[in-house]
Amino acid sequence: MKIFAYGIRDDEKPALEDWEKKNPDVTVGYTQELLTPETAQLAKGSDSAVVYQQLDYTKETLTALAEVGVKNLSLRNVGTDNIDFDAAKELGFNVSNVPVYSPNAIAEHSMIQLSRLLRRTKPMDAKVAKHDLRWAPTIGREMRMQTVGVIGTGNIGRKAINILKGFGAKVIAYDKFPNKELQEEGLYVDSLDDLYAQADAISLYVPGVPENHHLINKDSIAKMKDGVVLVNVSRGNLMDIDAIIDGLNSGKVSDFAMDVYEEEVGLFNEDWSGKEFPDPKIADLIARDNVLVTPHIAFYTTKAVDEMVHQSFDAAVAFAKGETPAIAVKF
86 MKIFAYGIRD DEKPALEDWE KKNPDVTVGY TQELLTPETA QLAKGSDSAV
136 VYQQLDYTKE TLTALAEVGV KNLSLRNVGT DNIDFDAAKE LGFNVSNVPV
186 YSPNAIAEHS MIQLSRLLRR TKPMDAKVAK HDLRWAPTIG REMRMQTVGV
236 IGTGNIGRKA INILKGFGAK VIAYDKFPNK ELQEEGLYVD SLDDLYAQAD
286 AISLYVPGVP ENHHLINKDS IAKMKDGVVL VNVSRGNLMD IDAIIDGLNS
336 GKVSDFAMDV YEEEVGLFNE DWSGKEFPDP KIADLIARDN VLVTPHIAFY
386 TTKAVDEMVH QSFDAAVAFA KGETPAIAVK F
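Under my numbering, the letters of the sequence shown match residues 86 to 416, in that order.
In structure tokens:
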């Protein structure tokens, strides 16, 4: 059996080597290049392909992969919104993802960023770096004094809620598909408008499906409390970044943390030292004292990377054996 993997990063190699030791009967080939119609040729002779979500898996790409005999596609990530499922069905593909690798990693990052915004660590760190050790005017706020709105109460959202409870914050939540336990606790509000009206801070944990596109926009921001704090570690397309910038400029949005960006492909995970960003909006956001930008690293822990590699390769083997792994995507 042979598996070919695309987009393998240096930090994934220890996990991959560990998986290979545990599966000596499987031959593994890989490249740092992403799956495209051109690089599909590299998987020729393989039983399955393992990929990481960055580029769209278009009909052209899937056709190129099918033409070299590979119709098993295992994603090392959660999101599947970049797959042309009509083409995948037409071509007879099997697809898997890793729906749960470490919800703690993402929830922790979001709450660390929210805490940093409330305690104004970015401007304070800048002051200390310049040897300015005066307190004022960099005064912070306490998490326990905030009403925090959590949009999306899946695995990650529930972990974030537990962290917020530890801080003593008041939590309110909204989800189209409520969790029974949270419902019994009385954490849900009836609508997003209710959440917008009550929350001092809002953090998102929903997928970037079409119905959630620009969920946070000019109209929704207008419904929020003045000085609201926004956190997005989920998907870049959940927020209209122009509306966010307008909100920051007006003061309607007091602080903002983002780990994802709608136009992040080709921008994030690249070294721009000494070079100008191709997108002036990113430069603008990074320069602000009240904005925290991280380049899609909420997931980026040793535990999460290990799970993403092991689960995706296990699924690729299962597909090759004609089996249906537990993490197969139904479409």
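The C-beta atom is built at its ideal place from N, Cα and C for all residues, glycine as well.
Can you look up residue i in the DSSP assignment and give me helix, strand or coil?
i	result
T379	coil
V338	strand
F252	helix
M324	strand
A221	coil
V274	coil
K158	According to the sequence provided, residue 158 is Leu. The question's Lys does not apply to it. In this structure, L158 counts as strand in the three-state DSSP scheme.
I168	strand
Distance check for residue j and residue i, CA to CA, integer angstroms please.
i	j	result
S358	V316	26 Å
H216	E349	34 Å
I88	I191	29 Å
L176	F170	10 Å
G164	Q139	10 Å
E269	T232	19 Å
R206	I371	Residue identity check: residue 206 is Thr in the sequence provided, not Arg. Rounded to the nearest angstrom, the two C-alpha atoms are 14 Å apart.
K144	L150	10 Å
V185	K261	20 Å
A125	V136	11 Å
K129	M86	13 Å
T148	P380	31 Å
One question on the structure: do residue i and residue j come within less than 8 Å of each other, judged by their Cβ atoms?
i	j	result
L280	G234	yes
I287	L323	no
M343	V183	no
V314	L199	yes
A405	D132	yes
D374	P208	yes
V390	E193	no
Tell me the DSSP bridge mates of residue i?
i	result
F89	G114 and A134
I371	Looking at the DSSP assignment, I371 forms no beta bridge with any residue, so it has no partner.
V213	Partner(s): none; V213 has no beta bridge.
Cβ of residue i within 7 Å of any heavy atom in the ligand ATP?
i	result
A221	Among the ligands in the structure shown, none appear at all, so the ligand ATP cannot be discussed.
Mind the definition here: the stretch 303-312 touches the stretch 145-163 only if three or more C-beta pairs lie below 8 Å; say whether that holds.
no
Sufficient close CB pairs (3 or more, under 8 Å) joining the stretch 207-222 to the stretch 234-248:
no
Are there three or more Cβ pairs, one per stretch, closer than 8 Å when the stretch 395-411 is compared with the stretch 98-114?
yes
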